[in-house]
Amino acid sequence: MKRTRLLYLILLFVFSYGCNDMLDLQNPNAPTNTSFWNTPEDAELGLTAVYHQLNQIGNYSRWIFFRYDLASDEGQSQSPWTELADWTRFNYVNYNFWEGGSWIWRDHYKAIFRANQVLANVPEIEFSNEERKEQIIAEAQFLRALNYFNLAVLWEDVPLVLEPSNPDDQPEQKTQAEVWDQIKKDLSDAADVLPPEWPSEEVGRPTRGAALALLGKAHMQNHEWEDARDALSWLVEGEGAQYYDLMDNYKDNFTHLSENNAESVFEIQFSGENQGPKGDAINSSLGFERTQFFGPNGIGWADGQARSWLIDEYKGETTVDGGYDTRLKHNLFYRDMSVDFTDNDEVYGRSWDEDAWGDDVFIRKYQTDYYRDFEDYYAPVNFRVIRFADVLLSYAEVINELEGPAQAAQYVNRVRQRPSTNLPPLASSPYADALDSKEAFLERLKMERTLELCFEGVRWMDLKRWGMLESQEGIDTLADRDPDFENFEVGKHHRLPIPQSEVENNPFLDQHPEY
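So that you can map any letter, position 399 of the sequence shown is 550 in my numbering, and since no number is skipped, the others follow by simple counting.
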């Protein structure tokens with residue numbers, strides 16, 4: 152054994168001494184910073200790598216919805232995987248639990264790392280088309296901001312990495328105010344450059360409207376109402392209004408048959424083409440995996456379910472024609488679904504399974520029952536990160552804060568009166584008293600948002616913005632709808648614990664003091 156090791160060392164020395172010119176050769180299959188960031192084609196490939204990270208399980212394919220949707224009062228988990236379910240009901244034991252938070256943290260920082268590579272290297276590349284060069288930089292700024300937006304909502308005080316990093320770097324933790332400032336800067340810079348629309352072959356890239364919408368939402372999270380109005384008004388009342396509208400059919404926002412439509416402000420492009428594992432291989436899966444985890448048991452894993460109070464809220468008023476709000480039909484599977492709506496008696500081609508499902512309520516939005524009778528890890532449905540309906544309801548919240556309900560109601564009414572929803576305007580509804588004051592309007596808007604946007608990854612940030620996670624009174628209100636909030640500790644569970652391995656490996660990163 153020792154002789155073999157000695158022979159190996161001699162050969163290594165001789166090879167190293169006699170073949171220095173060979174050691175300088177570069178493997179074309181393993182590009183380096185020097186060999187790669189040289190051409191516009193390299194810039195495009197580098198940007199594609201940033202987009203690719205959005206498809207990963209810690210970004211928009213799988214686990215983030217357990218935080219945004221299931222931990223909110225809209226959803227729950229009855230998963231037999233106890234640790235997974237516990238992380239949706241505020242029972243955090245292992246801070247390194249991958250599915251609870253570590254994967255989200257890792258994949259978001261991987262996306263930021265890739266965006267930083269683009270932002271650091273592309274300015275030095277010579278382009279014949281300078282406009283395209285500036286667009287690539289702006290797209291990377293938007294994508295970096297989007298990833299930091301999620302980190303700021305979920306963890307608040309996090310490392311702010313703005314340059315290409317090395318494996319042994321120990322980035323300094325910043326306050327959430329500093330993180331939000333960087334998000335707003337990136338989005339403002341991106342909005343100045345991104346086009347209002349892309350050619351059809353480039354659809355899916357962020358537009359000026361996407362940057363301004365996310366910027367408006369960033370200002371809203373910080374209660375910067377004037378700034379939020381300035382950003383959102385471009386989409387609602389300004390030049391951008393020509394590019395956006397509500398789809399007549401609400402369901403068209405959640406299938407692969409009508410993607411990147413007029414209501415889409417920004418969406419993640421998913422595909423069922425490659426049916427392998429996630430990762431960075433050339434044939435890695437680009438499928439939307441949430442559907443497998445939210446499908447009813449016997450079809451999917453049923454790890455994510457809806458809270459039943461949503462059914463009662465949908466039934467709180469009838470449409471102009473006297474029926475129930477059809478968003479109930481499109482968003483939920485539940486026992487009486489065939490009683491409430493005609494031609495609504497099948498769940499993935501089968502009748503309601505009384506023994507298996509009983510009183511359970513399952514999430515229908517984004518599920519693929521409209522064209523097949525099973526779920527898997529390869530759903531081809533794009534996830535709409537921002538819809539125009541969200542923009543309108545956000546704008547209503549901003550205008551209510553600045554001017555009051557009389558001016559804000561029109562934007563809520565526009566969503567309520569979508570042809571397929573067909574609800575009366577607020578003034579003619581059972582909720583007419585919402586127009587009496589700013590406070591009453593906001594209370595109604597809280598419900599209007601969940602009826603329109605449930606299970607679209609916005610409820611958790613809404614609850615934080617409204618201050619409902621900051622007081623026991625707010626938590627008690629949520630616990631009336633969702634018993635999981637009985638476990639919620641004010642001052643602690645409004646943010647996730649930082650993965651403990653990150654804290655232990657970085658002396659400049661402190662665990663949140665409440666953990």
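Ideal Cβ positions, reconstructed from N, Cα and C, are used throughout, including at glycine.
Express the C-alpha separation of F525 and I450 in angstroms, rounding to a whole number. 6 Å
Run through the stretch 382 to 435 for me and flag every whole beta strand (DSSP E) of 3 or more residues, listed as ranges in chain order. 415 to 419
DSSP state of L483, grouped into three classes? strand
Going by DSSP, what residues sit across from T469 in a beta bridge? Y475
Measuring alpha carbon to alpha carbon, tell me which residue in E250, Y521 and Y562 is nearest L383. Y562
Ends of the beta strand (DSSP E) at F534? F534 to R538
Under 8 Å, do R569 and G226 count as touching if we go by C-beta distance? no
Nearest-angstrom Cα separation, counted from L198 out to N267: 10 Å
Assigned secondary structure, D175 (DSSP; H/G/I helix, E/B strand, else coil): Any reading at D175 needs caution, since the residue's pLDDT is 45, under 50, leaving its predicted position unreliable; the model's value is listed next. Here D175 sits in coil by DSSP.
Thinking C-alpha only, which one of D633, R523 and T470 is nearest E497? R523
Apart from the five residues just before and just after K516, which ones in its own chain have a Cβ nearer than 6 Å to its Cβ? F405, N482 and F606
Buried or exposed for S502, going by 16 or more other Cβ atoms inside 10 Å? exposed
In this structure, how does DSSP classify F248 when only helix, strand and coil are distinguished? coil
Going straight from the alpha carbon of P658 to that of Q321, what length do you get? 7 Å
Return yes when the Cβ of G438 is within less than 8 Å of the Cβ of A328, no when it is not. no
Check R283 in the structure and name its three-state DSSP category. helix
So the candidates are F300, D381 and F293; which of them puts its Cα closest to the Cα of T358? F293
Using only the alpha-carbon positions, how far apart do L174 and T185 sit? Because L174 sits at a pLDDT of 38, beneath the cut-off of 50, its placement in the model cannot be relied upon, and the following sentence gives the value as read from the coordinates. Answer to the nearest angstrom: the Cα atoms are 16 Å apart.
Which same chain residues end up closer than 7 Å to S223 when comparing Cβ atoms and leaving out the 5 residues on each side of it in sequence? R610, W611 and L614
Close Cβ partners of N272 (< 6 Å) along its chain, the five nearest in sequence each way excluded: W188
Proximal residues to R632 (C-beta, below 7 Å), its chain only, five neighbours per side dropped: D224, R458 and W460
By Cβ distance, which residues of its chain are closer than 8 Å to E195, with the 5 residues on each side in sequence left out? I287
Spatial distance of G500 from Q420 (CA atoms): 27 Å
Hey, quick one: how far does the alpha helix (DSSP H) through I334 stretch, first residue to last? Q327 to V344
Using a Cβ-Cβ cutoff of less than 6 Å, which residues in the same chain neighbour Y243 once the five nearest sequence positions on both sides are dropped? P648
Using the C-alpha atoms, what's the distance from P556 back to T470? 22 Å
Could you give the C-beta distance for A361 and I537, rounded to a whole number, given that I count them as a contact under 8 Å? 7 Å
Assess contact between the stretch 587 to 601 and the stretch 197 to 214, defined as three or more Cβ pairs (one per stretch) separated by less than 8 Å. Is contact present? no
Do the stretch 233 to 247 and the stretch 203 to 210 touch if we need at least three Cβ pairs shorter than 8 Å? no
Segment contact, 8 Å Cβ cut-off, at least three pairs: the stretch 337 to 351 with the stretch 385 to 394: yes
Buried or exposed by the 16-neighbour rule on C-beta atoms within 10 Å, applied to Q393: exposed
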